[in-house]
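A.B. asks: Residue numbers (our numbering): 3 to 457.
Below is one structure. I have some questions about it.
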């Protein structure tokens with residue numbers, strides 16, 4: 003008799019083990035889970051498949067989600083949503099999740115102006131400090147079941163931010179997130195209800211046509227503010243370290259960066275392979291939404307000593323002067339400040355000094371391509387030949403050391419600049435009897451020749 007009982011128990015254990023390790027299709031249970039999740043997050047959730055495994059957890063396939071609030075709409079899809087639970091706590095009434103894994107999510111946020119042209123305000127949420135794991139109740143009809151989530155992972159995600167019926171697109175590719183501390187307090191705005199900390203990695207971010215790569219940082223999310231205090235990234239021009247913050251409370255969202263680039267390739271900026279020394283740059287950036295024209299940035303660049311590169315703009319200056327003056331000339335270290343606003347970079351007066359060459363430049367460069375710079379150059383009179391300007395005019399303008407100041411206008415684009423000496427200004431100066439008495443006077447003339455611009 004005992005033998006039969008033991009055999010029966012063994013068979014039951016084998017059956018239980020088989021049932022526990024088997025994946026079960028459970029569409030009805032899946033719909034109920036998604037409905038409860040939708041109630042908690044304020045999003046509409048659907049999935050094409052739902053599998054349950056007693057030992058391992060739950061897998062949802064082809065999940066789609068959408069939500070909307072005043073001025074903002076979010077849609078998302080992912081290949082699989084995996085919830086890996088622990089069986090022991092489940093038997094005592096706690097839904098204990100080791101990991102929530104979102105595989106290859108695609109998230110798009112579209113923004114538009116709130117009614118009345120203002121920004122929508124975030125809902126009031128009581129302060130809720132982050133805790134280790136996620137602790138909440140399932141609701142009055144859920145029997146007070148506790149929910150404990152230890153880690154959330156997002157793998158190989160795509161994230162798009164754009165404005166409805168407007169220019170500007172931010173696209174994030176290869177997004178990996180690992181959230182270690184996670185809490186959720188139900189409220190009308192899902193994002194504002196989350197508190198989280200963790201780390202992230204991003205393969206590429208496209209800001210319209212400008213590309214950022216190899217992005218990594220720790221992050222904090224609280225009250226719809228996403229902070230990255232240790233952000234590092236790579237661009238075509240060099241590496242940057244930054245701290246950043248995105249605020250998703252207003253519509254459109256707002257952001258700010260404080261970035262530092264210790265070794266920036268200025269040669270690439272002017273289409274040259276070598277010549278300029280490395281530059282260090284500091285930037286303070288702020289803006290709203292994905293429109294690049296909404297970006298405002300103030301920066302300071304410190305340029306190390308080097309040689310003027312064989313770039314198109316410098317070759318054209320030499321051609322306009324009739325002799326080799328700029329290309330290859332060594333220059334001293336210098337510093338420049340600039341401002342980006344409404345899609346246009348404005349360069350404050352920048353002075354470059356070489357042994358027999360002084361140059362000052364200021365002007366603007368549009369992110370759309372056009373450039374507009376006024377340059378004043380002073381160098382040896384000997385050998386200078388400018389179309390439309392007689393030798394006697396250059397002789398009159400030369401100082402006692404043989405230097406002559408020459409105003410030049412640069413237009414076109416960075417890739418295809420157009421250089422034109424201002425012959426009219428030279429003739430006018432000669433006609434006024436202007437005479438340079440010394441090299442110091444030539445330096446002062448360089449500053450004076452640049453017209454005052456309105457920014």
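Beta carbons are placed, not taken as given, at the ideal position from N, Cα and C, and that holds for glycine.
As the structure is a prediction and not an experimental result, all values here were calculated from the model.
Over what stretch of residues does the alpha helix (DSSP H) that includes residue 399 continue unbroken?
C.D. replies: Within the chain shown, residue 399 is the residue found at index 397, counting from 1. Here the alpha helix (DSSP H) through residue 399 covers 393 to 399.
A.B. asks: Drop a sphere of 10 angstroms on the beta-carbon of residue 53, count the other beta-carbons inside from all chains shown, and report buried for 16 or more, exposed for fewer.
C.D. replies: Residue numbering aside, residue 53 sits at position 51 when the chain shown is read from its first letter. By the neighbour-count rule (16 or more Cβ atoms within 10 Å), residue 53 is buried.
A.B. asks: Does DSSP put residue 60 in a helix, a strand or coil?
C.D. replies: Looking up residue 60 in the chain shown gives position 58. Reduced to three states, the DSSP call for residue 60 is strand.
A.B. asks: Roughly how many angstroms lie between the CA atoms of residue 124 and residue 252, to the nearest whole one?
C.D. replies: Numbered from 1 along the chain shown, position 122 holds the residue referred to as residue 124. Numbered from 1 along the chain shown, position 250 holds the residue referred to as residue 252. Residue confidence is low: residue 124 scores 39 on pLDDT, short of 50, so the model does not pin down where it sits. Its coordinate-derived value is still stated next. Whole-angstrom Cα-Cα distance: 7 Å.
A.B. asks: What whole-angstrom Cβ distance do residue 414 and residue 420 have, given they're in contact under 8 Å?
C.D. replies: Position 412 of the chain shown, counted from the start, is the residue given in the question as residue 414. Position 418 of the chain shown, counted from the start, is the residue given in the question as residue 420. Yes, residue 414 and residue 420 are in contact; Cβ-Cβ is about 4 Å, under 8 Å.
A.B. asks: My guess is that residue 163 and residue 204 are in contact by the Cβ rule of under 8 Å, so how many angstroms apart are they, rounded?
C.D. replies: What you label residue 163 is simply residue 161 of the chain shown in a count that begins at 1. What you label residue 204 is simply residue 202 of the chain shown in a count that begins at 1. Between residue 204 and residue 163 the Cβ distance is about 13 Å, and since that is not below 8 Å, they are no contact.
A.B. asks: Measuring from the CB of residue 72, is there a heavy atom of the ligand GTP at a distance below 7 Å?
C.D. replies: The ligand GTP is not among the ligands present in this structure, which contains no ligands whatsoever.
A.B. asks: Run the CB neighbour count on residue 397, radius 10 Å, all protein chains shown included, and call it buried at 16 or more, exposed below.
C.D. replies: Position 395 of the chain shown, counted from the start, is the residue given in the question as residue 397. Exposed, by the Cβ-count rule.
A.B. asks: Let me know the secondary structure DSSP gives residue 386 once reduced to three states.
C.D. replies: Here residue 386 corresponds to residue number 384 of the chain shown, with the count starting at 1. Reduced to three states, the DSSP call for residue 386 is coil.
A.B. asks: Could you tell me which of 355, 385, 353 and 296 sits nearest to residue 347, measuring between CA atoms?
C.D. replies: Counting from one through the chain shown, the residue named residue 347 turns up at place 345. Checking every option, the nearest Cα to that of residue 347 belongs to 296.
A.B. asks: Might you give, ordered along the chain, the residues of its own chain that have their beta carbon closer than 6 Å to the beta carbon of residue 417, omitting 5 neighbours on each side?
C.D. replies: What you label residue 417 is simply residue 415 of the chain shown in a count that begins at 1. Counting only Cβ-Cβ distances below 6 Å, and skipping sequence neighbours, we find nothing.
A.B. asks: Over what stretch of residues does the alpha helix (DSSP H) that includes residue 317 continue unbroken?
C.D. replies: Residue 317 sits at position 315 when you count from the first residue of the chain shown. It spans 314 to 323 - the alpha helix (DSSP H) in which residue 317 sits, taken as one unbroken run.
A.B. asks: Looking at C-alpha atoms only, which residue of 79, 284, 62 and 61 is the closest neighbour of residue 68?
C.D. replies: Here residue 68 corresponds to residue number 66 of the chain shown, with the count starting at 1. Among 79, 284, 62 and 61, the Cα nearest to that of residue 68 belongs to 79.
A.B. asks: When you compare each of 314, 293, 337 and 378 to residue 167 by their alpha carbons, which one comes out closest?
C.D. replies: For the purposes of this step, residue 167 is taken as the residue at position 165 of the chain shown. Measuring from the Cα of residue 167, the nearest candidate turns out to be 293.
A.B. asks: Under a three-way DSSP split, which group does residue 404 fall into?
C.D. replies: Looking up residue 404 in the chain shown gives position 402. Correct three-state label for residue 404: coil.
A.B. asks: So, at 8 Å on beta carbons, what are the nonlocal neighbours of residue 262 in its own chain, with the 5 sequence-adjacent residues on each side left out?
C.D. replies: Residue 262 sits at position 260 when you count from the first residue of the chain shown. 242, 243, 244, 282, 283, 284 and 285, listed in sequence order.
A.B. asks: Excluding sequence positions up to five away, which residues of its chain have a Cβ less than 6 Å from the Cβ of residue 339?
C.D. replies: Within the chain shown, residue 339 is the residue found at index 337, counting from 1. Around residue 339: 302 and 350.
A.B. asks: List the residues that DSSP assigns as beta-bridge partners of residue 307.
C.D. replies: Reading the chain shown from its first residue, position 305 is the one you call residue 307. None, per the DSSP bridge assignment.
A.B. asks: Any idea which residues DSSP pairs residue 167 with across the strands?
C.D. replies: Here residue 167 corresponds to residue number 165 of the chain shown, with the count starting at 1. The partner list for residue 167 (beta bridge, DSSP) is empty, contrary to what the question assumes.
A.B. asks: At which residues does the alpha helix (DSSP H) containing residue 270 begin and terminate?
C.D. replies: Along the chain shown, one-based indexing puts residue 270 at 268. First-last of the alpha helix (DSSP H) with residue 270: 268 to 271.
A.B. asks: Using CA atoms only, rank isn't needed, just tell me which of 185, 160 and 104 is closest to residue 152.
C.D. replies: Taking the first residue of the chain shown as position 1, residue 152 is located at position 150. Out of 185, 160 and 104, 185 has the C-alpha closest to the C-alpha of residue 152.
A.B. asks: Once DSSP output is grouped into helix, strand and coil, what is the label at residue 120?
C.D. replies: By 1-based counting over the chain shown, the position of residue 120 is 118. Its pLDDT being 43, under 50, residue 120 is placed unreliably in this model, and the coordinates cannot settle the point.
A.B. asks: Measuring CB to CB, does residue 308 end up less than 8 Å from residue 277?
C.D. replies: The sequence position of residue 308 within the chain shown is 306, counting from 1. The sequence position of residue 277 within the chain shown is 275, counting from 1. Yes.
A.B. asks: So the beta strand (DSSP E) residue 362 belongs to, where does it begin and stop?
C.D. replies: Sequence index remark: in the chain shown, residue 362 carries index 360 (1-based). Where residue 362 is concerned, the enclosing beta strand (DSSP E) stretches over 359 to 368.
A.B. asks: Considering only residues of the same chain and omitting the five flanking positions on each side of residue 268, which have a CB-CB separation below 6 Å?
C.D. replies: Counting from 1 along the chain shown, the entry for residue 268 is found at position 266. Same-chain partners within the cutoff: 278 and 281.
A.B. asks: Can you look up residue 429 in the DSSP assignment and give me helix, strand or coil?
C.D. replies: For the purposes of this step, residue 429 is taken as the residue at position 427 of the chain shown. Three-state result, residue 429: helix.
A.B. asks: Between 199, 157 and 214, which lies nearest to residue 172 when the distance is taken from Cα to Cα?
C.D. replies: The residue given as residue 172 occupies position 170 in the chain shown. Ranking 199, 157 and 214 by Cα distance to residue 172 puts 214 first.
A.B. asks: Express the C-alpha separation of residue 248 and residue 66 in angstroms, rounding to a whole number.
C.D. replies: Position 64 of the chain shown holds residue 66. Position 246 of the chain shown holds residue 248. If I take the Cα positions, the gap works out to 25 Å.
A.B. asks: On a Cα-Cα basis, can you pick out the residue from 106, 77 and 254 that is closest to residue 62?
C.D. replies: Translated into the one-based positions of the chain shown, residue 62 becomes position 60. Out of 106, 77 and 254, 106 has the C-alpha closest to the C-alpha of residue 62.
A.B. asks: Have a look at the DSSP bridge pairing and note the partners of residue 159.
C.D. replies: Taking the chain shown and counting its residues from 1, one reaches residue 159 at position 157. Residue 159 is bridged to 177.
A.B. asks: Helix, strand or coil for residue 334 per DSSP?
C.D. replies: As a position in the chain shown, residue 334 is number 332, starting the count at 1. Three-state result, residue 334: coil.
A.B. asks: Taking the straight line between their C-alpha atoms, what separation do you get for residue 234 and residue 81?
C.D. replies: Taking the chain shown and counting its residues from 1, the one referred to as residue 234 is at position 232. Taking the chain shown and counting its residues from 1, the one referred to as residue 81 is at position 79. Answer to the nearest angstrom: the Cα atoms are 29 Å apart.
A.B. asks: Do the CB positions of residue 2 and residue 154 come within less than 8 Å of each other?
C.D. replies: Only positions 3 to 457 of the chain appear in this structure, which leaves residue 2 out of reach.
A.B. asks: Going by DSSP, what residues sit across from residue 411 in a beta bridge?
C.D. replies: Start at 1 with the first residue of the chain shown, and residue 411 comes out as number 409. DSSP lists 376 and 422 as partners of residue 411.
A.B. asks: Determine the DSSP secondary structure at residue 1, reduced to helix, strand or coil.
C.D. replies: No answer is possible for residue 1: it lies beyond the span of the chain, which begins at 3 and ends at 457.
A.B. asks: Since residue 333 and residue 316 are thought to touch, with beta carbons under 8 Å apart, how far apart are those beta carbons, to the nearest angstrom?
C.D. replies: Numbered from 1 along the chain shown, position 331 holds the residue referred to as residue 333. Numbered from 1 along the chain shown, position 314 holds the residue referred to as residue 316. No, residue 333 and residue 316 are not in contact; Cβ-Cβ is about 11 Å, not under 8 Å.
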